[in-house]
Each structure stands twice: as structure tokens, then as C-alpha cells.
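Numbers given in the numbering used here equal positions in the sequence shown, counted from 1, plus 2.
The beta carbon of each residue, even a glycine, is placed where N, CA and C say it ideally should be.
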Amino acid sequence: MATAEHAAAVKSLNKSPGRRRFVFKSFSQQIDDIEINVFRSLDKVKAEPSEGSSFLRDCLIQWRELNTAEDFISFYEEIMPFVQTLPSIILHKELIFSKLISRLRFEARLSLEPILRLIAALSRDLLKDFLLFLPRIADSLVSLLESGADREPDIVEQIFTSWSFIMMYLQKYLIQDIISVLKITVKLRYYSKDYIQEFMAEATSFLLRNAPFKKLKAGIQKIMLEVVKKQSPARKSGVSALLYYVMRGTSSGVHSSCRASFEVID
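Put into C-alpha cells, the structure is as follows:
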């Protein structure tokens, strides 16, 4: 019977062509291979759920076909009665969200990917109503990482793919309150592992780069004050990573958000 350990071992193989195919990759190589393409992907995002359904229900049905982990099957049977229609999801949003984050456990690693994708799908259904859940999902992700997920490249990728989708789906609301987003994400942005800071910086920079100039400037001022008020190696590297992604443009230049960055730094 396949176990979580077997799955992790297969994923750590080098499957690229050549003589060293199927040679195990180091942890750092696996981290380097992670690429979160949510903001740059050219794949068309489904604009509407199936007729009479919701993004959450569609996602749940899709993952029931793909994932046979006992923990996920149990969750599917438990949650399906509450997600039949969008009005039902809105009515039971607290119950649904609570059941989702209760499954963010390292011990249930084989069902983490569908649970994380379902959280992102729920954010797309609820939109503005999902904002009140952001602090809890951020704290839950920190707890998941601290429980051992930060040493599992595949789970790290799943976490930040989900988080990036949430940022993309809710950007209309989040860019109007950048300060709150920065407060909510402090523990993730200054996580002790530098690669976690990198993934978080890239996701946060997406919002800053798309925010109105005044909101962007206020956001940069806040992150600069964060490191001034409480200096630490983790904060310095976290701020540096975020500023880098905010200012990074195309290969031929820098992003227009550089103006706000330079004004604050000056």
C-alpha cells in the first residue's frame, strides 16, 4: 500500500532526461525547482462555475476523482451536503471554512493539496466575504509549516499555489487595504526559512504592484518600519525579498512601482 513516505520519495526523483534520470535530488534542488505560476500562467482560468454549481463544488468533485486518500474521502462525504448551491455555501461559510482549516494537518499530507485548492475555490465563491477568514488561514499555514511542512517541497508548493490563487481572486479588495494584508501576513513574510520568505514575497508583491500609488507607498513605508522597529536577520531578508519582487520588472527594465519604493527609501 502506498504511503506518504513513498509519494515523497517518488517526487524527490530527478525525472529529467539524461544519464542521471531517477537520481534523488537534494532538498535545495527540490526547492529550486518549485515555480508558482499562478500570476504568470497563460492557461485560461475558468471564468464561471458549472451551471447551477459553484467553484467550490466543482473543485470538490474534481478532486474526489483525483484523490483517494482516506482522510479526503471522509471530508468529501462530510462537506458535500453543505456545498450544493452558492446560497448554501454563503449560508454555511463559517462551518465550511472551519472544516477546511481543521484538515490542514501535516499528518494528513496526502489530502493537503485538495484541501488547499478547496480553500482557494471558497475564496473565489465568497469574494469579499472571505476577507474575514484571511487571518485564520494565514495562522493555519504558519502552523502547518512549523509542524514539518516547511521541509517538504511538494507541500510548500501546494501551500503557496493556494495562497497565490487567493491573492489573485481577492486582489480587487486586498489592494485597497494593503496595510491590513501586511499585518495579517507578518508571520509568513518573516518566517525563519529564507525560501518561505521568497515565495511569500512574490505573492505579496503581486498585490503591491497592482495597488494604487498611495496604497503602494503606504505599504512600502510599513514594511520599512517593520524592520526598523524590530531588527532581525529574518526581517531584513524578508523586507529585501519583498522589495526585490515589487521592483522587479521585465528583462529590459524595472517595474513602475520603483518610484514609490525609491521615494520611501530616500
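- Contact check for Phe74 and Ser113: beta-carbon distance about 4 Å, within the 8 Å limit, so the pair qualifies.
- Annotation for Pro51: no alpha helix (DSSP H) segment contains it, and DSSP assigns it neither H nor E.
- Excluding sequence positions up to five before and after Val229, its CB lies within less than 7 Å of the CB of Arg237, Lys238, Val241, all in the same chain and listed in chain order.
- When the five nearest sequence neighbours on each side are left out, the beta carbons in the same chain lying within less than 6 Å of the beta carbon of Phe57 are those of Pro51, Ala123, Arg126, Asp127, in order along the chain.
- Collapsing the DSSP output to three states places Arg250 in a strand.
- Here the alpha carbons of Ser28 and Pro89 stand approximately 47 Å from one another.
- For Glu204, the number of other beta carbons within 10 angstroms of its own is at least 16, and it is reported as buried.
- In the DSSP assignment, Pro116 falls within the unbroken alpha helix (DSSP H) covering 114 to 128.
- Pairing Lys189 with Val158 gives a Cβ-Cβ distance that is not under 8 Å.
- C-alpha of Leu129 to C-alpha of Val248: approximately 24 Å in a straight line.
- Where Leu147 is concerned, the enclosing alpha helix (DSSP H) starts and stops at 136 to 148.
- Between Leu102 and Leu62, the beta carbon gap of about 11 Å keeps them out of contact (Cβ cut-off 8 Å).
- Comparing C-alpha distances from Glu72 to each of Lys219, Glu109, Lys232, Leu184 shows the shortest one belongs to Glu109.
- Taking the Cα of Gly221 as reference, the smallest distance to any Cα among Gln199, Leu176, Lys232, Glu148 is reached at Leu176.
- Taking the Cα positions, Gln223 is about 19 Å away from Pro235.
- Counting only the Cα atoms, Lys231 lies some 21 Å from Thr206.
- In this chain, the alpha helix (DSSP H) harbouring Tyr171 covers 155 to 171.
- Ranked by Cα distance from Lys217, the first of Lys174, Gly150, Asp179, Ile139 is Asp179.
- Judged by their CB atoms, Lys95 and Asp60 are not nearer to each other than the 8 Å cut-off.
- Linking Gln86 to Leu244 through their CA atoms gives a straight-line distance of about 40 Å.
- When rounded, the separation of the alpha-carbon atoms in Ile38 and Glu80 is 31 Å.
- In the DSSP annotation of this structure, Tyr193 is not part of any alpha helix (DSSP H), being labelled neither H nor E.
- Counting other Cβ atoms within 10 Å of its Cβ, Lys185 stays below 16 and is therefore classed as exposed.
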